[in-house]
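To start, the structure itself, in structure tokens.
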């Protein structure tokens, strides 16, 4: 028997259900089927009131036995499907179909409204069951049990966890713990829910945030539960819309059987779907169009795919109130994953009520067909976004369709020109396959970001955009606005939905020396910052001797620390620096495991897989395919193969670093540095929960643990960015500064446009390019000056692309930007992969080692929110050379003699008049200082070391790696000259 405090709590909720929701109290005597807890008269009353004609036809066949026929058919159906599925689908009785409830109508339909009004929700406190201890409250829909609630009061020394324990200890053979779709354990301040109460792990937190607060003064903190979650419309929406049934998976080979289960949305998922759809509908009802953008900032592992699926379902059936006017006529789910065969497909196929509605357009020909046939929901890749718009625009009947775009992992769709202008001259030619380090197909390698971002900014009123991301970039926030709904990683970890993967990282440092020729100084081809150092680093990270050593370390750690996790079922992922490195890892690990298996078959009884996009080997020109390497069968997916018990380790380069849902993944070995959002996305592959999974192992071989944890701190509580107004003048100022140099004029831009639209345009233009290039080379004799001017042109184009969607610019400026976009990449010879690899192939690894650094613990930090949108920010905050030396001594093992040289070189550069003038004249141009001047200053620092004869430092990774000593020195010199401060780092 509940104590006094708990009874007061129970009575308060019961009174609310009765008075506010107008639910009737069900008497124990009305429950006539004692095994299934069905109030038969209530069910028959609903059928009689809503489907009288069908009932009469059944009676004409079976007379007075008709009610018994209905009850018998219901009980038979309950042996093969959950009660909520039977309620949703209705019941076939001797050739007659009966609805068991009336869903809330989504359009103006009088028959549907009549059915909806006949629903009768009742509740029973202290339901008498087979056990002495009775459930506190049970809710019934038309006489069928649907929700069971256990209440606890903290003043009595019990809480929500005691409610869960009580559910766990019940007699689960009793139908009251099988038939309802939701089991709620609640105290006065917190709530947990489950679709099956048989074990503790089934119960998940169902709170509004890190803390619950009453909506109304004088109510309990869990008021949202009994006011909103248990409201009539919420209950009916759960049955008709939110609940998802995942059927049983039979055992297949070494893949264990997976029992069937039901999914009920987490609170943040249902909140987001309801809030977005209500906001869309309100806007549509008031304005008659869509024309809005939403940013959804939900943590990795928060169930984004399901959230997107639910939102697509809701938007698909959204109508203007009391009309048949549909708000959204076509919905596109745009995923950044090249393959649509997993994750998204796996989730959506469980939405059985959408069979025939959802189409998967992996190929362009199917995409066109589905659009022209007006399929309601189409799933495709972001790479096909522009193609979608072309198809819509090409047909007058499709142009005016009200269309919604749901974009998965939207931050990567905004990293086109905004992030790659400086790399434009270095794009690979289509046939070059010298550096197989990136993943993708020929079709999907076309970066859609430039056009996609521009279209979204200037979106049509008939278009709706909803962007989902765990790690929003600054550009994403500027494009979509501040997050409409946020579910942070901190919240997800606290609620136990994901594992904290960054709590501690085992750190190793890969040390190596390269013997390499110096790239000829007269080579004036344009290579972007970081490309050469990355190519050189790949030489070390692809070295088979070094991979042999690291593989042994990885296998030892996996065997001792990873494999015992999750009751001995844990798996691991190895993230390599390139596809070539991945291939070496795969073969070496495969050989080592074979040898170990011969020595100890019971201990080393597992295998390795290698997941990658097919590529051409640069040495043999052989096509290396994932299917051949892993001996995959026809249409077999490698992620499905990895489900098997015998496969414990998966090697990847870039594939599956995002969007990979494998709950048994509990170990990650990083053999390439990952930063910022990429670090969070990559390591978060480990965060999926599984029974018995309470910790993970992350091992970093790149001495990058601190940067990884810095990234997690940055995004842990949501986006670190806020929106701010764009600055129209920025583009105009860059334009004027280019004209001021006197190389190109508006006349050149006009000539370009005339030739562009003239006869034999390409011939005329290329002849003129030679003249323009000659003029350019004549005015700028120094390579660095040439690069600076090309950078300025790229900066103008990038600025115009962003700002022209917010402001109108003069025709003169617009024409000049078109000209700059055309001529910029052609002024300097383009450094290609082939050019660079001629030198890189001569590089050899002379010596290397892997050194254990210790365990890096995550220290939570508050990240200051940054604004953006006005374009490049100012210079970095001012720091001193002494500050830098202190930091370097903490981060690197440097001697006093080394520190003295560092100080000497930094002071020399800081006193250089040219450096001072450059920093001061670009004090508000962060992009210039970061992307152009800092690499230039670093080269000057390296030249000083060469003059001092400090050759060892010039080949030492702690000096030469990205973010290491030389980079820090260049940063410090610039920062020490800053007279205007900024919180933004370059």
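In UniProt numbering, the protein residues as written are 1 to 986.
Think of the CB as a built atom: it goes at the ideal place given N, C-alpha and C, for glycine as much as any other residue.
Can you look up residue 260 in the DSSP assignment and give me helix, strand or coil?
In this structure, residue 260 counts as coil in the three-state DSSP scheme.
Relative to the C-alpha of residue 20, which residue among 632, 764, 3, 121 is closest?
Comparing Cα-Cα distances from residue 20 to each of 632, 764, 3, 121, the minimum goes to 121.
Let me confirm a value: residue 217 is counted as buried when at least 16 other C-beta atoms fall within 10 Å, else exposed. Which label applies?
So residue 217 ends up on the exposed side.
My guess is that residue 743 and residue 776 are in contact by the Cβ rule of under 8 Å, so how many angstroms apart are they, rounded?
With a Cβ gap of about 6 Å, residue 743 and residue 776 count as contacting.
Work out the CA separation of residue 66 and residue 55 for me, nearest whole Å.
Looking at the two C-alpha atoms, the distance is approximately 8 Å.
Between the alpha carbons of residue 475 and residue 481, how many angstroms are there, rounded?
Cα-Cα distance, rounded: 10 Å.
Would residue 493 and residue 557 qualify as a contact pair, given that the criterion is a beta-carbon distance under 9 Å?
Cβ atoms of residue 493 and residue 557: not closer than 9 Å.
Do the segment 20 to 34 and the segment 117 to 131 meet, that is, are 3 or more Cβ pairs less than 8 Å apart?
Contact holds: three or more Cβ-Cβ distances are below 8 Å.
Which residue's Cα is closest to the Cα of residue 733: 783, 817, 762, 786?
Checked all of 783, 817, 762, 786; the closest Cα to residue 733 is 817.
So within the segment 742 to 786, which uninterrupted alpha helix (DSSP H) runs reach at least 4 residues, ignoring any that extend past its ends?
For the segment 742 to 786, whole alpha helix (DSSP H) runs of length 4 or above, ordered along the chain, are 746 to 756, 761 to 779.
Write down the C-beta distance between residue 783 and residue 562 rounded to the nearest angstrom, noting that I regard them as a contact closer than 8 Å.
Contact doesn't hold; Cβ gap of about 50 Å is too wide.
What three-state label does DSSP hand residue 369 in the structure shown?
In the structure shown, residue 369 sits in a helix (DSSP, three-state: H, G or I).
Within 8 Å, do at least three Cβ pairs link the segment 259 to 277 to the segment 298 to 313?
Taking 8 Å as the limit for Cβ pairs, the verdict is that the segment 259 to 277 does touch the segment 298 to 313.
When the distance is taken between beta carbons, is residue 735 closer than 9 Å to residue 796?
Their beta carbons are under 9 Å apart, which means residue 796 touches residue 735 by this criterion.
Does residue 974 come out as helix, strand or coil in the three-state DSSP assignment?
Residue state, collapsed to three classes: helix.
Is residue 150 helix, strand or coil when you go by DSSP?
If DSSP states are grouped into helix, strand and coil, residue 150 belongs with the strands.
Among the candidates 319, 630, 654, whose CA atom is the shortest distance from the CA of residue 109?
Residue 109 has its Cα closest to that of 319, out of 319, 630, 654.
Would you be able to state if there are at least three C-beta pairs under 8 Å between the segment 310 to 328 and the segment 396 to 410?
At 8 Å Cβ cutoff, the stretches touch.
Starting from residue 116, trace the beta strand (DSSP E) in both directions and tell me its first and last residue.
Run containing residue 116: none in the beta strand (DSSP E); it sits in the alpha helix (DSSP H), 110 to 117.
Could you spell out the range, first to last residue, of the beta strand (DSSP E) harbouring residue 463?
463 to 469 is the extent of the beta strand (DSSP E) around residue 463.
Among the candidates 677, 279, 199, 611, whose CA atom is the shortest distance from the CA of residue 465?
Looking at the Cα atoms, 279 is the closest of the given residues.
Quick one: using the 10 Å Cβ neighbour count with 16 as the cut-off for buried, is residue 904 buried or exposed?
Exposed, because fewer than 16 other Cβ atoms sit within 10 Å of the Cβ of residue 904.
What residue range does the beta strand (DSSP E) around residue 485 cover?
Its beta strand (DSSP E) spans residues 485 to 487.
Under 9 Å, do residue 198 and residue 206 count as touching if we go by C-beta distance?
Taking 9 Å as the Cβ cut-off, residue 198 and residue 206 do not qualify as a contacting pair.
Please work out which residues of its chain come closer than 7 Å, Cβ to Cβ, to residue 130, disregarding the five sequence neighbours upstream and downstream, and give them in chain order.
Once the five neighbours on either side are set aside, the close Cβ partners of residue 130 are 171, 174.
Using the C-alpha atoms, what's the distance from residue 766 back to residue 272?
Each residue's Cα considered, the two are about 53 Å apart.
So if DSSP puts residue 405 in a beta bridge, which residue, or which two residues, is it bridged to?
According to DSSP, which records beta bridges pairwise, residue 405 is partnered with 332, 465.
With DSSP collapsed to three states, give me the class of residue 46.
DSSP places residue 46 in helix when its eight states are reduced to three.
I'd like the ranges of any alpha helix (DSSP H) spanning at least 4 consecutive residues and lying wholly in the segment 260 to 331.
Listed in chain order, they are 267 to 287, 304 to 316.
Could you tell me the alpha carbon to alpha carbon distance between residue 671 and residue 550, rounded to whole angstroms?
Roughly 9 Å separates the two Cα atoms.
Mark residue 35 as exposed unless 16 or more other C-beta atoms lie within 10 angstroms of its C-beta, in which case mark it buried.
The residue in question, residue 35, is exposed, as its Cβ has fewer than 16 Cβ neighbours within 10 Å.
With a floor of 4 residues, list each alpha helix (DSSP H) that falls wholly inside the segment 613 to 648, ordered by position along the chain.
Counting only runs of 4 or more, we get 626 to 630, 638 to 641.
Quick one: what does DSSP say residue 92 is sitting in, helix, strand or coil?
DSSP places residue 92 in strand when its eight states are reduced to three.
Between the beta-carbon of residue 954 and the beta-carbon of residue 945, is there less than 9 Å?
Taking 9 Å as the Cβ cut-off, residue 954 and residue 945 qualify as a contacting pair.
Touch check for the segment 141 to 152 and the segment 37 to 48: three-plus C-beta pairs under 8 Å?
In short, these stretches touch, since the Cβ pair count reaches three.
Compute the Euclidean distance between the alpha carbons of residue 975 and residue 883, then round it to the nearest angstrom.
Approximately 11 Å between the Cα atoms of the pair.
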